[in-house]
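Have a look at the structure below before the remarks.
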């Protein structure tokens, strides 16, 4: 199940990088924004606030990572330079976010989201952590792409079943019409 895989990825990102929290935001193509999808290590109140928030591509650390198509490492959130969002900054302040890494989740057709890990300590992550998160982002891209392909396959199967039922009905109607020999009966049966 894609949901289980993505939750496992965010859980492992937190564990492997010794992070205080981790989040996967998914890309909303219609609004060109990132929205909360999965997390690990976040208090319920912070999770609820994140669900209400969205970031434009290019905004915040995750939006910058997606916009630039690369992993972004922030030594200290409080002093880092990026396009800040007031709500996200207030959530980061409440959660005492200092060190942060955000990696874009990119599929063949474009952005799918971002994965972030955060620490209460500044400079908590190193080059190996950055590489690990980049690899986890690639795994997340595969999981999201597979989920979309599975959904597409299911829709295609349903459409094919409807088409087959329509064809059977048309064949039945054609057979009944062909069996009629009296012209008056043909026009009367409709």
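In our numbering, the protein residues as written are 28 to 217.
All C-beta atoms, glycine included, are put in the ideal place defined by N, C-alpha and C.
Euclidean distance between Cα positions of residue i and residue j
i: residue 68; j: residue 44; result: 12 Å
i: residue 154; j: residue 52; result: 23 Å
i: residue 205; j: residue 198; result: 10 Å
i: residue 106; j: residue 159; result: 24 Å
i: residue 37; j: residue 133; result: 16 Å
i: residue 71; j: residue 100; result: 26 Å
i: residue 190; j: residue 64; result: 35 Å
i: residue 39; j: residue 151; result: 17 Å
i: residue 113; j: residue 103; result: 17 Å
Bounding residues of the beta strand (DSSP E) (the contiguous stretch that carries residue i)
i: residue 68; result: Taken as a continuous stretch (DSSP letters only), residue 68 belongs to no beta strand (DSSP E), as it is neither H nor E.
Beta-carbon proximity list for residue i, same chain, < 7 Å, skipping 5 on both sides
i: residue 59; result: 83, 84
i: residue 115; result: 80, 82, 87
Paired residues, beta bridge with residue i - DSSP
i: residue 54; result: 61
i: residue 146; result: 126
i: residue 83; result: 60
i: residue 99; result: 129
i: residue 49; result: 67, 144
i: residue 134; result: 137
Residues near residue i by beta carbon distance below 6 Å, same chain, minus five either side
i: residue 131; result: 92, 93, 96, 141
i: residue 55; result: 62
i: residue 50; result: 66, 143
Delimiting residues of the alpha helix (DSSP H) encompassing residue i
i: residue 202; result: 154-206
i: residue 108; result: Segment: none, residue 108 is in no alpha helix (DSSP H) and carries neither H nor E.
i: residue 38; result: 29-43
Exercise. Tell me, please, whether the stretch 163-178 touches the stretch 125-144 by the rule of three or more beta-carbon pairs shorter than 8 Å.
Key: yes
Exercise. Would you be able to state if there are at least three C-beta pairs under 8 Å between the stretch 88-95 and the stretch 69-79?
Key: no
Quiz item: Touching or not, the stretch 121-136 and the stretch 145-160, by the rule of three or more beta carbon pairs under 8 Å?
Solution: yes
Exercise. Check whether the stretch 32-44 touches the stretch 169-183, taking contact to mean three or more Cβ pairs, one atom from each stretch, closer than 8 Å.
Key: In short, these stretches touch, since the Cβ pair count reaches three.
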